[in-house]
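Here is the structure we will look at, set down as structure tokens.
There are 2 protein chains.
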Amino acid sequence: MTVTIKDVAKRAGVSPSTVSRVISNHPRISEETSLRVRKVMDEIGYHPNMMAKSLVSRTTSTIAVILPRPADELFQNLFFSEVIRGIVTQSTRSGYDLLMATGTTEREELETVTRLVRGRRVDGILLLYSRANDPVIAMLKEADFPFAIIGRNEDYPDILTIDNDNVQASYDATRHLISQGHERIGFVSGPPNLIVSRDRLAGYTKAVREARLPVRSDWIVEGEFLQESGYRAMSLLMGLPERPTALVVVDDVVTFGILCGLVELGYSVPKDIALVSFNNIVFSELATPPISSIDIGIYQLGYTASQELIRFIQHEHPSHALRHIIPHRLVVRESSLRRS
Amino acid sequence: MTVTIKDVAKRAGVSPSTVSRVISNHPRISEETSLRVRKVMDEIGYHPNMMAKSLVSRTTSTIAVILPRPADELFQNLFFSEVIRGIVTQSTRSGYDLLMATGTTEREELETVTRLVRGRRVDGILLLYSRANDPVIAMLKEADFPFAIIGRNEDYPDILTIDNDNVQASYDATRHLISQGHERIGFVSGPPNLIVSRDRLAGYTKAVREARLPVRSDWIVEGEFLQESGYRAMSLLMGLPERPTALVVVDDVVTFGILCGLVELGYSVPKDIALVSFNNIVFSELATPPISSIDIGIYQLGYTASQELIRFIQHEHPSHALRHIIPHRLVVRESSLRRS
DNA sequence: CTGAAAGCGCTTACAG
DNA sequence: CTGAAAGCGCTTACAG
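Protein chains in written order, with this note's numbering: chain A, 26 to 365; chain B, 26 to 365.
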């Protein structure tokens, strides 16, 4: 039924070895033979069996991206499609297929990745999350298998990472509020165990300190990457006897929650409270008022991650850097402008 | 280096055939042997080579999902992550891996799918879009390869499809506006070549006709699934000498554009114009005012599509239905409520 | 420049 | 219940 290399060989009057060499553009094959073989391949509709090729070559031309478990980091949904689009675009361009995998529990996740790695199912792994003490990362290191992570990881200094400079980004956001004349600036953070939360908090603190403004612990609220979290943070902050006049918010979705709450309570943005946020998702622009946000280059993050992972796979010993920083950019909109 | 079935066999004192049978739970293997072999597998860390297995079994335990090209149907981004999550959850649960592929041009798209199909890279294909006269579908039919499409396709009656009843959904949305006392209802549509646009228009028309209200062509505007489109539609409609008092809008993102435009021009929703939309994306709830929307069960769409495709793959001749309808549900919010 | 042969790691009739 | 053998479709030294 299926057309194999043998069928091509027979029809072209050569050996299977020769056909194989034609396919892989072996240099020592005559132009003439090559042309004849290619013609036959077209005629009888030959397509190489990827599985057979993989088995003998020990490569798969496939990378796997591991999604965060639904339970955690649901916020990823927001940039999920953008990162994936970046990854799939670049991997396709490099001739690699993309496998998506996930697990519902930590154990399942580890099992899945182990199966892919040990079963030689893929050539590299891309982790779409960054947790501390991750057994998956430990396993990948142990197996000496090519992988990259989007985000930063403090446990290992020598792994391939693609990330933003979140400290600097948050510093920039805070500086912007200061330049608008704010002196009482709060910070609404995400889960404290995530590195991204910590980095953004650090940048905020740095900017506030530098400007000799107060860093007050009651103006720093932790939560999840959910709108409900924003709502709660807002209630807390607005209930204080001394309130901030501006907030740096760790994620656009959280800002949405804050905004809704403020509107409900009859406050006005940016007059009563100014907001700057992160990620610059499409809807930041569509909010009322439009939200100022740090664009972190989500697509770029995915594109670069795929590129660097594949580069790593192809040159056994990577000569280039392990840590890659995607530039960010503050997009100023109405939510942070001081009305004069 | 890698542990193979032979290593296990040697260590367990059996033949490779026996090990293979243990792995596949062959019934005629003694409990004792099975246990011994499994123990050895654990001890030396055996993981089956998926490629070798695929080569001989002619199955891959993998399905591919084909993304719409960036150029078209960008709106898919919005439900993209939800559909994918549904698909990946279900396929993982069924023991299938998920491959993602796409192409930048129609030709590239066809080539990619052909390579996957003819190269026996996957066991089934899931198309995430529904176009008329699609050469990819023609090829899949011709090759008699298992595939399913999310959406409806009129070219072939006998293919596996997973869709909403968009006519009914739109009918329901329109009825809701009528029940709120509206008699002048317009429709903002998507690209006319997409079946989803046509179906939703049909449902709207049906409801309006049935209520003996006017169906006016100047109240029906076509566009893209983009906010800019909504903005433009709004300008057009509000510039009419006789304006509608309510709109059914084909997609939430378009509604965002409409809403922004209305706010800019000083109109109020729902007082001046009521809105009902489709998809019920997270941000519908967060808009000011919150947008009434038809929840089309995006996750469910993906979950069911994966389930039916895999079922199809596993039973050569499917005894069950080919067309699957995911139920929808109107979520009423402020944007469509008539203030009394 | 090309071919015959061995082998990648598994499965599966066939035979016992 | 288990083993020896053939084979899935390819690649790649080795030899010429």
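Virtual Cβ for every residue (Gly too), placed ideally from N, Cα, C.
Treat the numbers as computed from the prediction; the structure is a model and nothing was measured.
Around the CB of GLU333 of chain B, 16 or more other CB atoms lie within 10 Å, so the residue is classed as buried. At the C-beta level, LEU202 of chain B and ALA271 of chain B come within 9 Å of one another. ASN191 of chain A sits in a helix when the DSSP states are folded into three classes. Counting every other CB atom within 10 Å of its CB across the protein chains shown gives LYS31 of chain A a total below 16, marking it as exposed. Counting C-beta atoms within 10 angstroms of its own C-beta, PRO352 of chain B has fewer than 16 neighbours from the protein chains shown and is therefore classed as exposed. What PRO73 of chain B touches in chain A, judged by beta-carbon distance under 7 Å, is GLY144, going in chain order.
At least one C-beta of chain B is nearer than 9 Å to the C-beta of LEU92 of chain A. Pairwise C-beta distances place the segment 108 to 119 of chain B out of contact with the segment 38 to 53 of chain A, as fewer than three of them are shorter than 8 Å. When secondary structure is reduced to three states using DSSP, HIS349 of chain A falls in the strand class. Within the DSSP secondary-structure output, LEU185 of chain A pairs in a beta bridge with A:ALA173. Shown here, LEU287 of chain A sits in a helix according to DSSP, grouped into three states.
Between LEU135 of chain A and PRO160 of chain A, the gap from beta carbon to beta carbon is short of 9 Å. Taking the beta carbon of PHE308 of chain A as reference, the chain B residues within 8 Å of it are PHE281, PHE308 and LEU311, listed in sequence order. Around the beta carbon of THR130 of chain A, fewer than 16 other beta carbons lie within 10 angstroms, which makes this residue exposed. Between the segment 170 to 186 of chain A and the segment 131 to 151 of chain A, the count of C-beta pairs closer than 8 Å reaches three or more; the two stretches touch.
In terms of Cα proximity to ASP197 of chain A, the closest of A:SER317, A:SER254 and A:ARG36 is A:SER317. Relative to LEU80 of chain B, the option among B:ARG223, B:GLY144, B:ARG209 and B:GLU247 whose CA is nearest is B:GLY144. Closest in C-alpha terms to LEU124 of chain A, from the list B:GLY128, B:VAL113 and B:GLU133, comes B:VAL113. For VAL294 of chain B, no CB of chain A lies under 9 Å from its own CB, so it is not counted at the interface with that chain. HIS340 of chain A counts as exposed, since fewer than 16 other C-beta atoms from the protein chains shown sit within 10 angstroms of its C-beta. At least one C-beta of chain A is nearer than 9 Å to the C-beta of ASP122 of chain B. Within the DSSP bridge table, the entry for SER331 of chain B names no partner.
Taken through DSSP and simplified to helix, strand or coil, ARG36 of chain B comes out as helix. For LEU80 of chain A, the chain B residues whose Cβ falls inside 7 Å of its Cβ are MET76, ALA77 and LEU80, in order along the chain. Listed in chain order, the beta strand (DSSP E) runs fully inside the segment 224 to 279 of chain A are 271 to 274, counting runs of at least 3 residues. Taking the CA atoms as reference points, GLY327 of chain A sits about 47 Å from VAL39 of chain B.
Cα atoms of VAL275 of chain B and GLU208 of chain B: separation of roughly 19 Å, rounded to the nearest angstrom. From the listed residues A:ILE319, A:THR127 and A:GLN325, the smallest Cα separation to SER361 of chain A is found for A:ILE319. None of the residues of the segment 196 to 217 of chain B has a beta carbon lying less than 9 Å from any beta carbon of chain A. Rounded to the nearest angstrom, the gap between the Cα atoms of THR29 of chain B and LYS35 of chain B is 10 Å.
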